Amino acid sequence: MANPQIYPLEVNPKTGEPFLRLRNHQNIILTPPRPEDALSYLPNMNDPHIYKWLGSPPFPFLPEHAEGMYEKFKVVWECCQSELEAARESQELVLVGNSPVRAIREVREDDSDIFLGDISITRAKDGKLLAPPDDADDEEKTGKYMETNMSLPVGNPNIIWSVGYYLIPSYHGRGIMTDALQTLLWDWAVPRMGVRHIITSAFEGNEGSFRVFQKNGLKQKRFIKNYMQRNGQWRNLNVVEWKRSDVEPPNWARFETLMIDRR
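Letter by letter, the sequence shown follows residues 20 to 282 of the numbering used here.
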């Protein structure tokens with residue numbers, strides 16, 4: 020029997036894998052990472068349409084980097100799975116520290132699927148974005164902001180979250196990422212992680228990501244000039260913010276803690 024704590028995720032009856040179906044693209048699902056995903060990370064992270072907008076992956080992105088990325092994602096998935104399993108007998112849905120699903124996949128008519136990208140909502144670790152502008156250049160102060168955010172217990176409404184994602188270029192312009200963020204945010208992050216405050220960013224010029232943020236209610240917070248060097252060039256940064264108290268949820272959103280019906 021599937022763990023009722025995974026609600027509102029569905030379970031693939033053939034593989035037992037949990038998944039979250041996008042609201043407006045019913046053939047697109049979010050799943051946990053799979054070992055074979057590392058084979059897709061490699062070309063994706065070396066695609067200039069993708070890597071130029073990402074701040075952390077190395078370039079060139081090598082096979083060992085792909086394996087390391089998968090292992091990192093797997094640890095998050097396993098930790099979340101353990102949290103949900105530990106609460107299996109609870110009569111209420113518990114709050115957890117992460118999402119068990121992140122890999123974006125298109126389901127084909129024969130029930131096979133293809134990897135399209137990745138999306139995550141995780142605790143914000145960049146102290147420069149967490150700190151007030153006057154403290155953003157003080158490494159000691161930004162470090163303390165980061166440490167404080169990382170130390171807050173699961174479910175604390177003061178946790179500040181960050182959003183990261185990418186989609187393979189051939190699927191751009193279809194509204195998939197806007198849908199993916201909205202679905203993950205309101206079906207899982209808000210009701211199952213207690214997400215109430217997001218501060219995240221996109222490099223200047225990344226209009227696609229900026230529009231996705233705007234369509235999901237994130238608003239410009241500030242602009243940071245010469246934020247970091249990426250591939251030998253200084254990059255400017257648009258910082259955006261979202262607060263649960265400032266937005267109206269979609270009419271289908273699940274944001275109440277629900278009792279589990281075990282009948």
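Positions of the beta carbon are idealized from the N, C-alpha and C atoms, including for glycine.
This one's a predicted model, so the numbers in the text were calculated from it and none came from an experiment.
- DSSP places Ile133 within a strand segment (E or B) once states are collapsed to three.
- Taken atom to atom, the span from the alpha-carbon of Glu158 to that of Val115 is near 30 Å.
- Within the same chain, Phe38 come within 7 Å of Asn31 by CB-CB distance, once the 5 residues on both sides are set aside.
- By the criterion of at least three beta-carbon pairs nearer than 8 Å, the region 226–243 is in contact with the region 183–197.
- Per DSSP, the continuous beta strand (DSSP E) segment holding Arg249 begins and ends at Lys238 to Arg249.
- Taking the CA atoms as reference points, Asp156 sits about 14 Å from Phe242.
- Between Lys238 and Met20, the alpha-carbon positions lie close to 42 Å from each other.
- The residue among Ala143, Glu86 and Asn250 with its C-alpha nearest the C-alpha of Asn117 is Ala143.
- Taken atom to atom, the span from the alpha-carbon of Asn245 to that of Trp253 is near 5 Å.
- Secondary structure in the region 44–99: the beta strand (DSSP E) runs of 3 residues or longer, each lying completely within the stretch, are 47–50 in chain order.
- Comparing alpha carbon positions, the residue from Glu104, Gly74 and Pro52 closest to Met88 is Pro52.
- For Pro79 and Leu73, the gap between their C-alpha atoms comes out near 13 Å.
- In the displayed model, Ile179 falls within coil according to three-state DSSP, outside both helix and strand.
- If you draw a straight line from the Cα of Trp180 to the Cα of Phe232, it is about 14 Å long.
- The DSSP-derived three-state label of Ile25 is helix.
- Of the candidates Asn235, Ala150, Leu186 and Gln248, the residue whose Cα lies closest to the Cα of Trp261 is Asn235.
- Around the beta-carbon of Ser139, 16 or more other beta-carbon atoms lie within 10 Å, marking it buried.
- Looking at the backbone, the Cα of Glu29 and that of Gly35 are separated by about 9 Å.
- According to DSSP, residue pairing for Val173 in a beta bridge does not occur.
- Apart from sequence neighbours up to five positions away, the residues of its chain that approach Ser59 with a beta-carbon distance below 7 Å are Phe134, ordered along the chain.
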